[in-house]
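So for the sequence shown, the working numbering puts the first residue at 1; every next one is plus one.
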Amino acid sequence: MKKIFCTIIAVAMTISLAGCGTAPTQNSSDKLSIIGVNFPAYDFARQVAGDKAQISMLLPPASESHSYEPTPQDIIKIQECDIFIYGGGESDTWVSGVLESIDTSAKSVIKMLDCVTPVEEEIVEGMQDEEEEGESAYVPVEDGIAATEEDEEEEPEYDEHVWTNPQNVQLIARKIADELRVRDSGNADTYQKNLSDFNAELIKLDAEFEQVVASGKRKTIVFGDRFPFRYFADRYDLTYFAAFPGCSTETEASAQTVSFLIDKVKAERIPVIFHIELSNKKMATAIAEQTGAKVLELHASHNVSKADFESGKSYLDIMRTNISALKEALN
Ligand SMILES: [Zn+2]
Numbered sequence: 001m002k003k004i005f006c007t008i009i010a011v012a013m014t015i016s017l018a019g020c021g022t023a024p025t026q027n028s029s030d031k032l033s034i035i036g037v038n039f040p041a042y043d044f045a046r047q048v049a050g051d052k053a054q055i056s057m058l059l060p061p062a063s064e065s066h067s068y069e070p071t072p073q074d075i076i077k078i079q080e081c082d083i084f085i086y087g088g089g090e091s092d093t094w095v096s097g098v099l100e101s102i103d104t105s106a107k108s109v110i111k112m113l114d115c116v117t118p119v120e121e122e123i124v125e126g127m128q129d130e131e132e133e134g135e136s137a138y139v140p141v142e143d144g145i146a147a148t149e150e151d152e153e154e155e156p157e158y159d160e161h162v163w164t165n166p167q168n169v170q171l172i173a174r175k176i177a178d179e180l181r182v183r184d185s186g187n188a189d190t191y192q193k194n195l196s197d198f199n200a201e202l203i204k205l206d207a208e209f210e211q212v213v214a215s216g217k218r219k220t221i222v223f224g225d226r227f228p229f230r231y232f233a234d235r236y237d238l239t240y241f242a243a244f245p246g247c248s249t250e251t252e253a254s255a256q257t258v259s260f261l262i263d264k265v266k267a268e269r270i271p272v273i274f275h276i277e278l279s280n281k282k283m284a285t286a287i288a289e290q291t292g293a294k295v296l297e298l299h300a301s302h303n304v305s306k307a308d309f310e311s312g313k314s315y316l317d318i319m320r321t322n323i324s325a326l327k328e329a330l331n
């Protein structure tokens with residue numbers, strides 16, 4: 001916490017010093033520069049802006065998005081970009097402190113949570129709630145800079161994984177397109193066309209998930225892992241059981257949690273235990289060994305591997321792979 005505070009101050013000073021006589025360094029081209037904090041933010045910008053903007057992701061590929069902390073270079077990049085896109089949930093509590101420390105007057109800031117109807121993180125039967133387990137309470141990184149403890153207590157804790165519902169992605173993409181059109185009216189037609197194309201794919205994806213759920217034998221999914229799919233489950237009317245809520249920092253489940261999930265899988269003859277991306281799969285594997293179920297990944301798109309990042313894998317690619325995984329799990 002202190003480290004980030006110092007980083008912000010140091011960077012703010014560097015930026016104001018650099019401001020004496022030199023204009024903030026823009027990218028070499030006259031293209032708009034966009035920064036997405038996590039993979040969804042980055043990919044949605046890429047789908048809408050195409051090659052008309054310079055787009056980068058702040059998280060290093062393959063890194064854990066929930067424990068990410070910005071480096072001084074990251075803060076400078078945020079300072080210099082034209083459009084900044086972030087989730088706005090628990091993983092991004094550092095953002096408000098950074099945005100308060102820099103000049104955002106000439107910048108578009110898009111918070112994905114604000115583009116949709118947010119829901120709070122949910123603790124369902126059998127799930128291990130970290131605070132009840134006596135873990136230390138979460139302390140926001142910007143404490144003392146932007147958010148006071150009172151603010152923090154009043155704010156409901158929204159589930160940040162809004163992008164797991166393709167209908168929400170349409171809303172986020174529309175907001176990105178609106179900002180692009182305002183900032184770069186010369187390319188407005190391109191942004192509109194890209195948005196329409198992306199929307200068409202999202203509508204198709206949504207219909208495919210609906211079809212898989214409608215034709216499935218069951219409506220229950222089980223995760224031997226964290227559960228970042230609340231918006232997805234709500235959208236397709238799925239019942240879920242999981243070890244931890246979406247952004248839990250816990251990875252080791254209690255014996256009680258594991259045995260609850262094992263019993264559930266046995267009782268309902270659940271064929272697939274899911275784990276999420278970049279997971280150690282330990283718990284899913286342990287449950288599978290006890291039940292004979294198969295272990296499969298349901299990728300929540302927080303981040304992608306280095307190889308997938310370099311090959312240009314998209315949210316749509318990831319979700320299309322999820323369709324076949326879900327099909328197996330529901331039949
Ligand atoms: Zn998450």
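Beta carbons: idealized from backbone N, C-alpha and C, even for Gly.
Given the structure is predicted, the values throughout are model-derived calculations rather than measurements.
Lysine 111 - partner residues in DSSP beta bridges: Residue numbering aside, residue 111 sits at position 111 when the sequence shown is read from its first letter. Lysine 111 pairs with Tyr86.
Any non-hydrogen atom of ligand 1 within 7 Å of glutamate 64 CB: As a working note, residue 64 is residue 64 in the sequence shown. No, the beta carbon of glutamate 64 sits no closer than 7 Å to any heavy atom of ligand 1.
Where the beta strand (DSSP E) containing isoleucine 270 begins and where it ends: By 1-based counting over the sequence shown, the position of residue 270 is 270. Note, isoleucine 270: premise wrong, no beta strand (DSSP E); not H, not E.
Bridge-paired residues (DSSP) for arginine 181: On the sequence shown, residue 181 is found 181 positions in, with the first residue counted as 1. Bridge partners of arginine 181: none, in fact.
Integer-rounded CB distance, given that lysine 77 should sit under 8 Å from alanine 53: By one-based count along the sequence shown, residue 53 stands at place 53. By one-based count along the sequence shown, residue 77 stands at place 77. So it is not a contact: roughly 14 Å between Cβ atoms.
Contacting residues, own chain, Cβ-Cβ under 6 Å from alanine 255 (five flanking each side not counted): Translated into positions along the sequence shown, residue 255 becomes position 255. Nothing listed; no residue qualifies.
Buried or exposed (CB count within 10 angstroms, at least 16 for buried), serine 301: One-based indexing of the sequence shown puts residue 301 at position 301. When all chains shown are included, serine 301 counts as buried.
Cβ neighbours of isoleucine 83 in the same chain (closer than 6 Å, five flanking residues each side left out): Translated into the one-based positions of the sequence shown, residue 83 becomes position 83. Excluding residues within five positions, the ones whose Cβ falls inside 6 Å are Ile34, Ser108, Glu179.
Integer-rounded CB distance, given that histidine 161 should sit under 8 Å from arginine 235: For the purposes of this step, residue 235 is taken as residue 235 along the sequence shown, with counting starting at 1. For the purposes of this step, residue 161 is taken as residue 161 along the sequence shown, with counting starting at 1. Actually they are not in contact, since the Cβ atoms of arginine 235 and histidine 161 sit about 12 Å apart, beyond 8 Å.
Burial state of isoleucine 323, where buried means 16 or more other Cβ atoms lie within 10 Å: By 1-based counting over the sequence shown, the position of residue 323 is 323. Under this definition isoleucine 323 is an exposed residue.
Inter-stretch contact at 8 Å, needing at least 3 Cβ pairs: the region 300-315 / the region 266-282: yes
Rounded separation between aspartate 92 and glycine 312 - CA only: Mapped onto the sequence shown, residue 92 falls at position 92. Mapped onto the sequence shown, residue 312 falls at position 312. Between aspartate 92 and glycine 312, the C-alpha separation is close to 24 Å.
Proline 228 beta carbon near ligand 3 (any heavy atom closer than 7 Å): Among the ligands in the structure shown, ligand 3 does not appear; only ligand 1 can be found there.
Euclidean distance between Cα positions of tyrosine 158 and arginine 218: Position 158 of the sequence shown, counting from 1, holds the residue named residue 158. Position 218 of the sequence shown, counting from 1, holds the residue named residue 218. The alpha-carbon atoms of tyrosine 158 and arginine 218 are separated by roughly 28 Å.
8 Å contact criterion, which valine 98 and proline 70 should meet: CB distance rounded: Residue mapping note: residue 98 aligns to position 98 of the sequence shown, counting from 1. Residue mapping note: residue 70 aligns to position 70 of the sequence shown, counting from 1. Rounded, the Cβ-Cβ distance is 6 Å, consistent with contact.
Phenylalanine 227 - partner residues in DSSP beta bridges: Against the sequence shown, residue 227 aligns to sequence position 227. Pro245, per the DSSP bridge assignment.
Residues near alanine 325 in its chain [Cβ-Cβ closer than 6 Å; skip 5 each side]: Indexing the sequence shown from 1 puts residue 325 at position 325. Closer than 6 Å at the Cβ level, and outside the excluded window around alanine 325, lie Leu296, Leu298.
Unbroken alpha helix (DSSP H) run spanning glutamate 252, endpoints: Counted from its first residue, the sequence shown places residue 252 at position 252. Counting along the chain, glutamate 252 falls outside any alpha helix (DSSP H), and DSSP gives it neither H nor E.
beta-carbon serine 67 near ligand 1 non-hydrogen atom, thresh 7 Å: As a position in the sequence shown, residue 67 is number 67, starting the count at 1. Not so, every heavy atom of ligand 1 lies at least 7 Å from the Cβ.
Whole-Å CB distance - proline 271 paired with glutamate 328, under 8 Å assumed: What you label residue 271 is simply residue 271 of the sequence shown in a count that begins at 1. What you label residue 328 is simply residue 328 of the sequence shown in a count that begins at 1. Rounded, the Cβ-Cβ distance is 7 Å, consistent with contact.
Same chain only: Cβ atoms within 6 Å of glutamine 47, ignoring 5 sequence neighbours per side: What you label residue 47 is simply residue 47 of the sequence shown in a count that begins at 1. For glutamine 47, where only same-chain residues beyond five positions count, the Cβ hits under 6 Å are Phe198.
Cross-strand partners of tyrosine 240 (DSSP beta bridge): Stepping through the sequence shown from its first residue, residue 240 is reached at position 240. Per DSSP, Ile221.
Candidates Asp43, Ile102, Gly50, of which the one nearest alanine 188 by Cα: Mapped onto the sequence shown, residue 188 falls at position 188. For the residues Asp43, Ile102, Gly50, the minimum Cα distance to alanine 188 belongs to Gly50.
Per-residue DSSP class, three states only, for valine 116: Here residue 116 corresponds to residue number 116 of the sequence shown, with the count starting at 1. Valine 116 falls in the coil class under three-state DSSP.
Rounded C-alpha distance that separates alanine 288 from arginine 226: Looking up residue 288 in the sequence shown gives position 288. Looking up residue 226 in the sequence shown gives position 226. The straight-line gap from Cα to Cα measures roughly 16 Å.
Span of the alpha helix (DSSP H), counted from its first residue to its last, around glycine 97: The residue you call residue 97 lines up with position 97 of the sequence shown. First-last of the alpha helix (DSSP H) with glycine 97: 93-101.
Residues near glycine 339 by beta carbon distance below 6 Å, same chain, minus five either side: Absent from the model: residue 339. The displayed extent of the chain is 1 to 331, so no value can be given.
Alpha-carbon to alpha-carbon, cysteine 115 and aspartate 143: The residue you call residue 143 lines up with position 143 of the sequence shown. The residue you call residue 115 lines up with position 115 of the sequence shown. Bear in mind that the predicted position of aspartate 143 carries a pLDDT of just 45, short of 50, making it unreliable; the figure below should be weighed with that in mind. Rounded to whole angstroms, aspartate 143 to cysteine 115 spans 25 Å at the Cα level.
Identified DSSP bridge partners for leucine 32: As a first step, residue 32 must be located in the sequence shown, where it is residue number 32. Answer is Ala53, bridged to leucine 32.
Member of Ile75, Arg183, Ile123 whose CA lies at the smallest distance from the CA of alanine 106: Position 106 of the sequence shown holds residue 106. Residue Arg183 is the option with its Cα nearest to alanine 106.
Same chain only: Cβ atoms within 7 Å of glycine 21, ignoring 5 sequence neighbours per side: Residue numbering aside, residue 21 sits at position 21 when the sequence shown is read from its first letter. Bear in mind that a pLDDT of 37 at glycine 21, under 50, signals an unreliable position, so the model cannot answer this.
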